[in-house]
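Novice: The structure under discussion is supplied below as structure tokens; questions concerning it will follow.
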């Protein structure tokens, strides 16, 4: 602006001031109430907010860190590959849900986020393990079918002060070299040392029946028990599936199932026949040699589809067919093996314990010793199966880890022991209680028992394994006995009371009755923590098989172990 223009503007302002003094004063007052800087900032604020909404979070922003943590949990819990964060659809989804979040690379999740999450979980598990008074373990060895990798597992479970069963996966580490007893024992030393678990805190290790594993636990110096499910597998293979007549029928069944498994056309034709007969569409089950119950399911599926298979054979070719006699053998095999299938499911559930073993064996042998109308064609197999069960579980009532656990399970108590073993089991229980509480003389009154064996009975049609449990309970009602010490008084009072229903929870019983029987409750926390099978380790390896699969067969064992550790323990920590 020129000097002349400035002079003219100043003259105009002076003239306006002289003519309108009141308006000028009002203008000055308004400008004092609203400073120019504040007015400017207020106009700029919405603009700054708009810029902020479009700006990406820094990776250390609380919101960004929270999203990254949840993404890592998602990858672990749902067994997703790390490449998920680079998938186009996932990136679009995240940009829609939270545009300000910058998705980090797959390498960050595999190298940083996974390690951070593992450290948090490890800290939580370490504290819980340190607080546990007694811990039981399961272990197993697994070999990958798609990668030259073998892994050794170690899972832990214990009962806390509220009588709640807690479980955690401690290890699924690589097991290199020959799987000798010495190598496995050395691996145990390393795993227990990492978690700072003294051997004295180890109640029992449940392992498979392999000699190297059994010897390894002995060399390591902790008590162990065989997996009951594995022992049942050996008994069924020895007693039934090794019989020539039954093996031949099973082989025919396998060929029939294999025909439909390897031919989509045959499978489609069978489904059409099922529709025509008004039958539900079901596929035949293939058996797996390492799981006897898969053979049971195969036989069951064949018998269920007998009509459909007959109609198929009338119109199309089958590699082999079953005769009427062979069909009868298959049907009777279902009746023979059904109790074993039920028992396998029962002992494989999460709440099953070592206390279930003695009652299960007693009930099973009693059922096998009964004659039945469905014995036709399988009588020899039934007798051989009874011998195999008796042989495989010989001495089970004399094993302290089983007998004390059974006595402390309020569903069973001493009702399932043989008459010549019952008194010894009571004495053993009292001895263990006295040792743990440091009192009592271990003496108590004589138990009144019935020495006569009942005459053989015939199983009525439809009799199940559960009927045997109830029958044994009814035969073993005992009277109250005198006692000579406080602990003996607790033992006799506890055993003198009726058992709780078999579908009730023994842990809930002790939670409600620990004030009445404090010495017994303390022992129960230790002995009822032992599982009856190593199923937890086997299920762990099922997860490992999903991590080390054909698409990720080059993932290293260290990272696989971290993933499994997080995947299996995260639900426990989050209480999912």
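Residue numbers (my numbering): 3 to 578. Just so it is clear, CB atoms sit at the ideal spot from N, CA and C, and this is done for glycine as well.
Could you tell me if residue 577 is buried or exposed, where buried requires 16 or more neighbouring beta carbons within 10 angstroms of its beta carbon?
Specialist: exposed
Novice: Counting only the same chain and skipping the five closest in sequence on each side, list residues whose C-beta sits under 7 Å from that of residue 263.
Specialist: 288
Novice: With DSSP collapsed to three states, give me the class of residue 158.
Specialist: strand
Novice: Starting from residue 168, trace the alpha helix (DSSP H) in both directions and tell me its first and last residue.
Specialist: Segment 167-176 is the beta strand (DSSP E) holding residue 168; no alpha helix (DSSP H) there.
Novice: Residues bridged to residue 144 by DSSP?
Specialist: 153
Novice: Can you tell me which of 341, 401, 375 and 568 puts its alpha carbon nearest to the alpha carbon of residue 469?
Specialist: 341
Novice: Between residue 133 and residue 210, is the Cβ-Cβ spacing less than 9 Å?
Specialist: Cβ atoms of residue 133 and residue 210: not closer than 9 Å.
Novice: Is residue 218 helix, strand or coil when you go by DSSP?
Specialist: helix
Novice: Starting from residue 205 and walking both ways along the beta strand (DSSP E), at which residues does that stretch end?
Specialist: 204-209
Novice: For residue 364, collect the residues of the same chain with a Cβ closer than 6 Å to its Cβ; drop the 5 residues on either side in sequence, then sort them by chain order.
Specialist: 418
Novice: Any idea what DSSP makes of residue 541, helix, strand or coil?
Specialist: Correct three-state label for residue 541: helix.
Novice: With DSSP as the reference, label residue 405 as helix, strand or coil.
Specialist: helix
Novice: What whole-angstrom Cβ distance do residue 116 and residue 568 have, given they're in contact under 8 Å?
Specialist: 7 Å
Novice: Assuming residue 1 contacts residue 248 under a Cβ cut-off of 8 Å, what Cβ separation, rounded to an integer in Å, is found between them?
Specialist: Outside the displayed span of the chain (3 to 578) sits residue 1, for which this structure offers no information.
Novice: Following the continuous beta strand (DSSP E) through residue 430, name the residue where it begins and the one where it ends.
Specialist: Residue 430 -> not in any beta strand (DSSP E); alpha helix (DSSP H) instead, spanning 421-439.
Novice: Just grab the DSSP bridge partners of residue 137 for me.
Specialist: 204
Novice: According to DSSP, residue 378 sits in a beta bridge with which residue or residues?
Specialist: According to DSSP, residue 378 bridges with nothing at all.
Novice: What are the boundary residues of the alpha helix (DSSP H) that includes residue 1?
Specialist: Residue 1 lies beyond the stretch modelled for the chain, which goes from 3 to 578, so this question has no answer here.
Novice: Are residue 320 and residue 304 closer than 9 Å when you measure CB to CB?
Specialist: no
Novice: Assign residue 520 to one of two classes, buried (16 or more other C-beta atoms within 10 Å of its C-beta) or exposed (fewer than that).
Specialist: It counts as exposed.
Novice: By DSSP's criteria, residue 228 is part of a beta bridge. Which residues make up the other side?
Specialist: 209
Novice: Here's the rule: buried if 16 or more other CB atoms are within 10 angstroms of the residue's CB, otherwise exposed. What is residue 182?
Specialist: exposed
Novice: Using DSSP bridges, identify the partner residues of residue 290.
Specialist: Per DSSP, 293.
Novice: Compare the C-alpha of residue 102 against each of 83, 69 and 127 and name the closest.
Specialist: Of 83, 69 and 127, the residue nearest in Cα terms is 69.
Novice: Among 194, 160 and 145, which one has its Cα closest to the Cα of residue 176?
Specialist: 145
Novice: Taking just the CA atoms, how far does residue 259 sit from residue 252?
Specialist: 10 Å
Novice: Should residue 415 and residue 542 be called a contact, given that it needs their Cβ atoms to be closer than 9 Å?
Specialist: no
Novice: I'd like to check one pair, residue 398 with residue 349: are the Cβ atoms closer than 9 Å?
Specialist: no
Novice: Comparing alpha-carbon positions, which option in 510, 63 and 422 lies nearest residue 410?
Specialist: Among 510, 63 and 422, the Cα nearest to that of residue 410 is on 510.
Novice: Please list the terminal residues of the continuous alpha helix (DSSP H) segment that includes residue 104.
Specialist: Looking at the DSSP string, residue 104 is not in any alpha helix (DSSP H), and its letter there is neither H nor E.
Novice: Might you give, ordered along the chain, the residues of its own chain that have their beta carbon closer than 6 Å to the beta carbon of residue 343, omitting 5 neighbours on each side?
Specialist: 295 and 298
Novice: With respect to the alpha helix (DSSP H) encompassing residue 99, which residues constitute its N-terminal and C-terminal limits?
Specialist: 90-99
Novice: Distance check for residue 225 and residue 408, CA to CA, integer angstroms please.
Specialist: A straight line joining the alpha-carbon of residue 408 with that of residue 225 spans about 17 Å.
Novice: How is the alpha helix (DSSP H) around residue 399 delimited, first residue to last?
Specialist: Segment: none, residue 399 is in no alpha helix (DSSP H) and carries neither H nor E.
Novice: Going by other Cβ atoms of all chains shown within 10 Å of its Cβ, with 16 needed for buried, is residue 432 buried or exposed?
Specialist: So residue 432 ends up on the buried side.
Novice: According to the neighbour-count rule (16 or more other Cβ atoms, all chains shown, within 10 Å of its Cβ), is residue 413 buried or exposed?
Specialist: buried
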